[in-house]
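*Asks:* I am attaching a structure below and will ask some questions about it afterwards.
Number of protein chains: 2
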Amino acid sequence: MTSTSDPLLRRRAEALAPSYQLFYDEPVHLVRGEGVWVYDADGRRYLDCYNNVPSVGHAHPRVVEALCHQAGLINTHTRYLHEHVVALAERLGAMLPGDLGTCYFVCTGTEANDLAVQIARVVTGNEGVMVTERSYHGNSELVGKLSTDSYPEHERPDWLAVIEPPNTYRGPFRAPEPDLGAHYAALVDDGLDTLAARGHGISSILIDTSWDSNGVLVAPDDYMSLTAEMIRTRGGLVIADEVQAGYCRLGRNFWGHTNYDLLPDIVTLGKPMGAGHPVAAVVTTPAIAAEFATRRNYFNTFGGNPVSAAVALAVLDVIEEEALLANAQAMHGVLGDGLRELATRHPIIGNVQGSGLFWGLDLVADRETREPIAYADAKRIATGLRHRGILAGVTGRYTNVLKLRPPLQFAAEHAELLLTELDALLTGYVLQGGADARALGAEW
Amino acid sequence: MTSTSDPLLRRRAEALAPSYQLFYDEPVHLVRGEGVWVYDADGRRYLDCYNNVPSVGHAHPRVVEALCHQAGLINTHTRYLHEHVVALAERLGAMLPGDLGTCYFVCTGTEANDLAVQIARVVTGNEGVMVTERSYHGNSELVGKLSTDSYPEHERPDWLAVIEPPNTYRGPFRAPEPDLGAHYAALVDDGLDTLAARGHGISSILIDTSWDSNGVLVAPDDYMSLTAEMIRTRGGLVIADEVQAGYCRLGRNFWGHTNYDLLPDIVTLGKPMGAGHPVAAVVTTPAIAAEFATRRNYFNTFGGNPVSAAVALAVLDVIEEEALLANAQAMHGVLGDGLRELATRHPIIGNVQGSGLFWGLDLVADRETREPIAYADAKRIATGLRHRGILAGVTGRYTNVLKLRPPLQFAAEHAELLLTELDALLTGYVLQGGADARALGAEW
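Structure representation (structure tokens):
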């Protein structure tokens, strides 16, 4: 740890709850950022290959300007009229397929997913919810229950169905077996049967089409449409949790669900929407929103305030003007090719998975058995990258997946630097294992 | 409605969910604010006697400057080290009694109350929660259930105990009867018995010591300590929901619970904390936080980010430097005296209740029977004030209470203007009644 951070670390342990975790045993003390770069208190520069929240880059001047301009005018709530929240809702609606265009604004992805499930339950009259194993959808009482790695398995509520994610490298059905989409979708049907046997109908399935917490997966092409059909046949709604997959993250399309030709009933937005500012949203159809309004009141004091809306509009402006979707698509090729090339030389890389600007390297102790490396080794590798000036993360059910998810401005020169440092680190890296127990829900 | 707002209103109805409500049949379209003043799109100025969220005044330059400065540097999450979040936690801890000093930062009062109840349930092992009739504590699935006016009564969960608030003007026990505190606290014990009969222990009671949604009440002095004792005897925790009552709102003390010599187990903060910026917190004791951490993971991506923390620190700076607690206390006298004087001349004012910069006028059709005026009349009065350039609200179980809750910078000259306009409006006001049904949870 840097010496300047020592006293701060001690004060932090005193004042913040022990639930707070820090990345790295020697935490990084960030004081400044610009584009894909961040700087610590000692002036050291890091290439940010981890943070999707500053989606359009750290401290983007255009976003900061929009924030400051509106904050200098007025910040109120939606019970007075204001242009910004309406303009934002219209713009999101125009970007979404079908008649998804009726918006609720909230402050966090947690609030968005919590409201989405409330809507689904009220509208369907069913209680059941389906998520994948080691899902993460947020931290409220309700959504925390949908985040299956945040609490002990025996505390799972009986209205919760937990299914295997479509992990075609490590799951029960693996490439190149045929009909992988159908096989994984059949697990959805099994989950629905299990719920029914417990007396619960299905209100909704939450799907993060980046399968971030599962290790950054790419599902078989037909998996989502088959899954959606099964859910709808039993009267449930499909919630696309775009907190991770949305905002160009997966390349090719602005939304993750579009990559799978899926038309969701409800879409939830979060992290990248405000490039760090707490703004999030739920978008659904007019019919679903109308039905919900007959049964429930909903108001969110900060949600959709003029400042948050101005920030969210500025983020969309930057994405358009800087052609960041095209960049994510270009990086899909550059990073995908580069990581696969590394895999040809480093047997620790069992699988390269992901797309656009979101990649996972499933790291293995043995390529044949696909035995995951120990959490302690995954941490060592991420820490090694940190000492080489690269911020990355660890994810996946076995916390053995190196997670790369940089801001959308990430360019070829940054990819080259990342690949060079990763190559150097893995060259001669010897697995050490270790019984470093992972805390509940620790992302790494 | 102003002509410039017509098209916006139509667009809004298209793009936002029907759950969204607007104040006034002819909504106010605000575009700018400064101190206690706000301005609409047509340049009309209003004295803000309603909004506590812009606690230190609209668009306070010092708060805006702190926001812009930090947003221009970096906005990250708490998994990297940063000074601001630690400084904010230390400062809040130093302002709170006992060993309340272990902080969690979140983005909204809803998230704060949701987390507080999660903590109480995990730590006590009990499921039951107690709130007052027509409580409002937020909008997540869990906290929405604690907001008893947001959904039909028959849907109340069996772990919820709902008690009569200490309304000494309109409730079952009324001034000047003796032992009012003990009478109301006995209802808490009854509620605990009811929970026990349903098989539920008590995890916590949530107490808003401004009783905002109940009509802005002042409890008997001993009510809170008696209540806390009953809750603790059965193993429950006391959560002071300071989203409304905190931040000098009630005068005399920074926190509402201090007015009642109450030492809570958990304190939740929200609305005024960021003067409009979405920042909120849960503060508890080291022992409770430690126990929670052994059973649950908790992380909030946006919670405690450097920008939100900088804003929250600036709000505390302004409160200190502008001596806003002393101002709230001074206004306690000015507004209280002024409103009571109005009551001597206007029989529609059944009761003047509240303190500091938070007052409710319980408006009655008949002073003897205390029959509340119709919601339609309350709306007409608030609307009349709007046309006189004063923003106010309506609250209370019978939505007959005129709610006055201005920014903390509200001064004697503003009080005089409010009192003058209210006097003029009530002079000759004839009750019209009306069957204008109030929507579920409409505070307006």
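From first to last, the protein sequence lines stand for chains U and R.
Using the numbering used here, read the first sequence as starting at 534 and increasing by one per residue.
Using the numbering used here, read the second sequence as starting at 534 and increasing by one per residue.
Positions of the beta carbon are idealized from the N, C-alpha and C atoms, including for glycine.
1) Report the rounded CA-to-CA distance for Ala984 (chain R) versus Asp682 (chain R), giving the unit in angstroms.
2) Are the C-beta atoms of Ala972 (chain R) and some chain U residue less than 9 Å apart?
3) Just to confirm my understanding: we take Pro551 (chain U), look at its own chain, exclude 5 residues before and 5 after, and list those with CB closer than 6 Å. What are they?
4) Taking Cβ positions, are Thr611 (chain R) and Phe832 (chain R) nearer each other than 9 Å?
5) Helix, strand or coil for Thr877 (chain R) per DSSP?
6) Do you know whose CA, among U:Gly883, U:Leu894, U:Val662, U:Asn672, lies nearest Val639 (chain R)'s CA?
7) Does DSSP classify Glu904 (chain R) as helix, strand or coil?
8) To the nearest angstrom, report how far apart Asn585 (chain U) and Ala778 (chain U) are at their CA atoms.
9) Quick one: residues in its chain with C-beta nearer than 6 Å to the C-beta of Gly634 (chain R), no 5 flanking neighbours on either side, listed in chain order?
10) Taking the alpha-carbon positions, what's the Arg543 (chain R) to Glu949 (chain U) distance?
11) Determine which residues share a DSSP beta bridge with Leu937 (chain R) and list them.
12) Given that Pro560 (chain U) touches chain R, what residues does it touch there, using C-beta distances under 9 Å?
13) Quick one: what's got a C-beta closer than 7 Å to Thr960 (chain U)'s C-beta in the same chain, skipping five residues either side?
14) Does DSSP put Arg612 (chain U) in a helix, a strand or coil?
15) When DSSP labels each residue in this structure, what does Glu666 (chain R) get in the three-state scheme?
16) Asn584 (chain R) CB to nearest chain U CB: under 9 Å?
17) Are the Cβ atoms of Lys804 (chain U) and Ser588 (chain U) separated by less than 9 Å?
18) State buried or exposed for Thr791 (chain R), treating a residue as buried only when at least 16 other CB atoms are found within 10 Å of its CB.
19) Cα separation between Val655 (chain U) and Glu559 (chain U)?
20) My understanding is that Tyr613 (chain U) touches Leu937 (chain R), with C-beta atoms under 8 Å, so please give their C-beta distance in whole angstroms.
21) Can you tell me whether Pro834 (chain U) is buried or exposed? The criterion is at least 16 other CB atoms within 10 Å of its CB, across all chains shown.
22) Helix, strand or coil for Asp573 (chain R), going by three-state DSSP, please let me know.
23) Suppose only complete runs of 4+ residues qualify. What are the alpha helix (DSSP H) ranges in the stretch 623-664 of chain R, listed by chain order?
24) From this set, R:Leu725, R:Met864, R:Glu901, which residue's C-alpha is nearest Trp1060 (chain R)'s C-alpha?
25) What's the call for Glu775 (chain R), buried or exposed, on a 16-neighbour Cβ count within 10 Å?
26) Look at the Cβ atom of Leu935 (chain R), then the Cβ atom of Leu890 (chain R), and state whether they are nearer than 9 Å.
27) Roughly how many angstroms separate the alpha carbons of Ala826 (chain U) and Ala546 (chain R), rounded to a whole number?
28) For a cutoff of 9 Å on Cβ pairs, would you count Gly866 (chain R) as touching chain U?
29) Mapping the DSSP letters down to three states, classify Ser683 (chain R) as helix, strand or coil.
30) At a CB distance below 7 Å, what residues from the stretch 793-814 of chain U approach chain R? Give them in sequence order.
31) Give a yes or no on whether 9 Å exceeds the smallest Cβ distance from Trp977 (chain R) to chain U.
32) Are the C-beta of Glu674 (chain U) and some C-beta of chain R separated by less than 9 Å?
33) Among residues of its own chain, excluding the 5 on either side of Ile772 (chain U), which ones have a beta-carbon nearer than 6 Å to its beta-carbon?
34) For the putative contact between Gly809 (chain U) and Arg578 (chain U), defined by C-beta atoms under 8 Å, what is the C-beta separation to the nearest angstrom?
35) Give a yes or no on whether the minimum CB-CB distance between Glu855 (chain R) and chain U is below 9 Å.
36) Under 8 Å, with one C-beta from each stretch per pair, do the stretch 843-852 of chain R and the stretch 747-764 of chain R reach the 3-pair mark?
*Replies:* A quick look at the data gives this:
1) Since the first residue of chain R shown is 534 and the last is 977, residue 984 (chain R) is not available in this structure.
2) Indexing the second sequence from 1 puts residue 972 (chain R) at position 439. With a pLDDT of only 47 at Ala972 (chain R), under 50, the local geometry of the prediction cannot be trusted, and the value read off the model is given with reservation. It does: the Cβ of Ala972 (chain R) has a partner Cβ on chain U nearer than 9 Å.
3) Locating residue 551 (chain U) in the first sequence gives position 18, where the first residue counts as 1. None.
4) Position 78 of the second sequence, counting from 1, holds the residue named residue 611 (chain R). Position 299 of the second sequence, counting from 1, holds the residue named residue 832 (chain R). Taking 9 Å as the Cβ cut-off, Thr611 (chain R) and Phe832 (chain R) qualify as a contacting pair.
5) The sequence position of residue 877 (chain R) within the second sequence is 344, counting from 1. If DSSP states are grouped into helix, strand and coil, Thr877 (chain R) belongs with the helices.
6) As a working note, residue 639 (chain R) is residue 106 in the second sequence. Residue U:Asn672 is the option with its Cα nearest to Val639 (chain R).
7) Locating residue 904 (chain R) in the second sequence gives position 371, counting from the first residue. Reduced to three states, the DSSP call for Glu904 (chain R) is strand.
8) Position 52 of the first sequence, counting from 1, holds the residue named residue 585 (chain U). Position 245 of the first sequence, counting from 1, holds the residue named residue 778 (chain U). Roughly 10 Å separates the two Cα atoms.
9) Here residue 634 (chain R) corresponds to residue number 101 of the second sequence, with the count starting at 1. Cβ neighbours of Gly634 (chain R) beyond the five flanking positions: Gly626.
10) For the purposes of this step, residue 543 (chain R) is taken as residue 10 along the second sequence, with counting starting at 1. For the purposes of this step, residue 949 (chain U) is taken as residue 416 along the first sequence, with counting starting at 1. The alpha-carbon atoms of Arg543 (chain R) and Glu949 (chain U) are separated by roughly 50 Å.
11) Within the second sequence, residue 937 (chain R) is the residue found at index 404, counting from 1. Note: Leu937 (chain R) sits in a beta bridge opposite R:Trp892.
12) For the purposes of this step, residue 560 (chain U) is taken as residue 27 along the first sequence, with counting starting at 1. Within chain R, the residues near Pro560 (chain U) are Arg612, Tyr613, Leu614.
13) Here the question's residue 960 (chain U) lines up with position 427 in the first sequence. Closer than 7 Å at the Cβ level, and outside the excluded window around Thr960 (chain U), lies no residue.
14) By one-based count along the first sequence, residue 612 (chain U) stands at place 79. DSSP places Arg612 (chain U) in coil when its eight states are reduced to three.
15) Counted from its first residue, the second sequence places residue 666 (chain R) at position 133. Three-state DSSP puts Glu666 (chain R) in coil, outside helix and strand.
16) In the second sequence, residue 584 (chain R) corresponds to position 51, counting from 1. True, the Cβ-Cβ gap to chain U drops below 9 Å.
17) Translated into positions along the first sequence, residue 804 (chain U) becomes position 271. Translated into positions along the first sequence, residue 588 (chain U) becomes position 55. Yes.
18) Within the second sequence, the letter at position 258 stands for residue 791 (chain R). Its Cβ being crowded by 16 or more others within 10 Å, Thr791 (chain R) is buried.
19) Residue 655 (chain U) sits at position 122 when you count from the first residue of the first sequence. Residue 559 (chain U) sits at position 26 when you count from the first residue of the first sequence. Whole-angstrom Cα-Cα distance: 47 Å.
20) As a working note, residue 613 (chain U) is residue 80 in the first sequence. As a working note, residue 937 (chain R) is residue 404 in the second sequence. Not confirmed; about 17 Å, so no contact.
21) Counted from its first residue, the first sequence places residue 834 (chain U) at position 301. As written in the sequence, residue 834 (chain U) is Thr, which differs from the Pro given in the question. Classification for Thr834 (chain U): buried.
22) On the second sequence, position 40 is the one that residue 573 (chain R) refers to. Strand, per DSSP.
23) 642-657
24) The question about residue 1060 (chain R) has no answer here: the residues shown for chain R are numbered 534 through 977.
25) Taking the first residue of the second sequence as 1, we reach residue 775 (chain R) at position 242. Buried is the call here.
26) Taking the first residue of the second sequence as 1, we reach residue 935 (chain R) at position 402. Taking the first residue of the second sequence as 1, we reach residue 890 (chain R) at position 357. No, these two residues do not count as a Cβ contact at 9 Å.
27) Indexing the first sequence from 1 puts residue 826 (chain U) at position 293. Indexing the second sequence from 1 puts residue 546 (chain R) at position 13. About 13 Å.
28) Locating residue 866 (chain R) in the second sequence gives position 333, where the first residue counts as 1. Chain U contact via Cβ: absent.
29) For the purposes of this step, residue 683 (chain R) is taken as residue 150 along the second sequence, with counting starting at 1. Coil, per DSSP.
30) Lys804, Gly809, Pro811
31) Here residue 977 (chain R) refers to the residue found at position 444 when the second sequence is read from its first residue. Legend: pLDDT at Trp977 (chain R) = 49, less than 50; position of this residue unreliable, value from coordinates given subsequently. By this cut-off, Trp977 (chain R) is an interface position.
32) Counting from 1 along the first sequence, the entry for residue 674 (chain U) is found at position 141. True, the Cβ-Cβ gap to chain R drops below 9 Å.
33) Along the first sequence, one-based indexing puts residue 772 (chain U) at 239. Same-chain partners within the cutoff: Ala649, Ser737, Leu739, Ile799.
34) As a first step, residue 809 (chain U) must be located in the first sequence, where it is residue number 276. As a first step, residue 578 (chain U) must be located in the first sequence, where it is residue number 45. Not a contact, Cβ separation roughly 19 Å.
35) Indexing the second sequence from 1 puts residue 855 (chain R) at position 322. No, its Cβ sits nowhere closer than 9 Å to a Cβ of chain U.
36) no
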